[in-house]
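Residue numbers (the UniProt record's numbering): 1 to 337.
For each residue, glycine too, the CB sits at the ideal point set by N, CA and C.
These numbers come from a predicted model, not from an experiment.
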């Protein structure tokens, strides 16, 4: 009798692509790309997942110390030096980041493309970034959770001195506002273009209590109740005018039935478009940068990779995105020959 994991694994048969950069979300998904260059069997997603799970506990003190040091920087920073990054500069940063991933440019030498100001950004690259889900985990149904994510800007929310600030992945400040969140709180969020709602993916710190060294199932449980209380406080005590509302995105167990149910019934709390699904290993700690313990799929990928049908408006692939990534990768391969 085949288990559900066996059935899902069969969908991925023959797709053991293993070069770490192959899985980067800054490249197209390997199953949908036109290239499969420099692939080895030495660092598969599954092997790297197991290694990370074995070693991450030894990094607990390092994670906590690093998180607390960020607050020291925040408290000592001159607020007048913070600036809101305009859309053009942000787009340039994303281009630089993409080119760095493909190895086409030196990121340090090209940061001047985004801004002429020379500064250090302590919150740069502090968010956890997933990889494309390529190898189906052997414990997918028993240990993994998934989360529907809206289209929007990924941001780090930092609360200190009764002000709430949001930073993009490059560490530049996107906004500063009042909220009901307590001081010394740090959240991983998605901010949509319109409205006063910010959607919460994860929590790094709450009222000075570091949570990066707790597994994600505990973190998800922890933040749900706390944010409900904060949103209630925001409604009752409207001292600063209209406040932002923080909504925790729902998490579900990774089963085929649940995946299909979520897509059929659109079980997500936002009105805008679904950007994709994030997949989390239940025992993963919160670490900065890319990790195979967090996976990512666009909606149109679910049918081929997991056998999950999606609403018609999500069934079409973004061919232009795939083609752009493929051309950039092909240029890199050609240059190396």
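Check                                                                                                                                                                                 : Outcome
Restricting to Cα atoms, I'd like to know which of 229, 219, 182 is closest to residue 207.                                                                                           : 182
Which same chain residues end up closer than 6 Å to residue 124 when comparing Cβ atoms and leaving out the 5 residues on each side of it in sequence?                                : 170, 171
Using the C-alpha atoms, what's the distance from residue 160 back to residue 184?                                                                                                    : 5 Å
Tell me the rounded alpha-carbon separation between residue 271 and residue 299.                                                                                                      : 16 Å
Would you identify the three-state DSSP class for residue 78, choosing helix, strand or coil?                                                                                         : Residue confidence is low: residue 78 scores 44 on pLDDT, short of 50, so the model does not pin down where it sits. No coordinate-derived value is stated.
What does the Cβ neighbour count give for residue 163, buried or exposed, with the cut at 16 atoms within 10 Å?                                                                       : exposed
Can you list, in chain order, the residues of its chain with a C-beta nearer than 8 Å to that of residue 219? Leave out the 5 residues immediately preceding and following it.        : 202, 203, 211, 286
Leaving aside the five residues before and after residue 317 along the sequence, list all residues of the same chain whose C-beta is less than 6 Å from its C-beta, in chain order.   : 300
Which of the three DSSP states is assigned to residue 46 in this structure?                                                                                                           : helix
State the start and end residues of the unbroken beta strand (DSSP E) segment that holds residue 284.                                                                                 : Looking at the DSSP string, residue 284 is not in any beta strand (DSSP E), and its letter there is neither H nor E.
Is the number of C-beta pairs between the stretch 130 to 147 and the stretch 187 to 197 that are closer than 8 Å three or more?                                                       : no
Considering only their Cβ atoms, is the gap separating residue 273 from residue 151 smaller than 7 Å?                                                                                 : yes
Cα separation between residue 157 and residue 186?                                                                                                                                    : 5 Å
What did DSSP end up calling residue 271 once you bin it into helix, strand or coil?                                                                                                  : coil
Can you check whether the CB of residue 267 is closer than 7 Å to the CB of residue 297?                                                                                              : no
For the beta strand (DSSP E) containing residue 159, list its first residue and its last residue.                                                                                     : 153 to 160
To the nearest angstrom, report how far apart residue 213 and residue 127 are at their CA atoms.                                                                                      : 14 Å
With C-beta atoms as the reference, is residue 254 less than 7 Å away from residue 179?                                                                                               : no
Identify every run of the alpha helix (DSSP H) within the stretch 139 to 200, keeping only runs that are complete inside it and at least 4 residues long; order them along the chain. : 140 to 143
Run through the DSSP bridge pairs and tell me what residue 261 is partnered with.                                                                                                     : Paired residues: none, contrary to the question.
Buried or exposed for residue 67, please, with buried defined as at least 16 other CB atoms from any protein chain shown within 10 angstroms of its CB.                               : buried
For residue 60, which residues from the same chain have a beta carbon less than 6 Å from its beta carbon, with the 5 sequence-adjacent residues on both sides left out?               : 213
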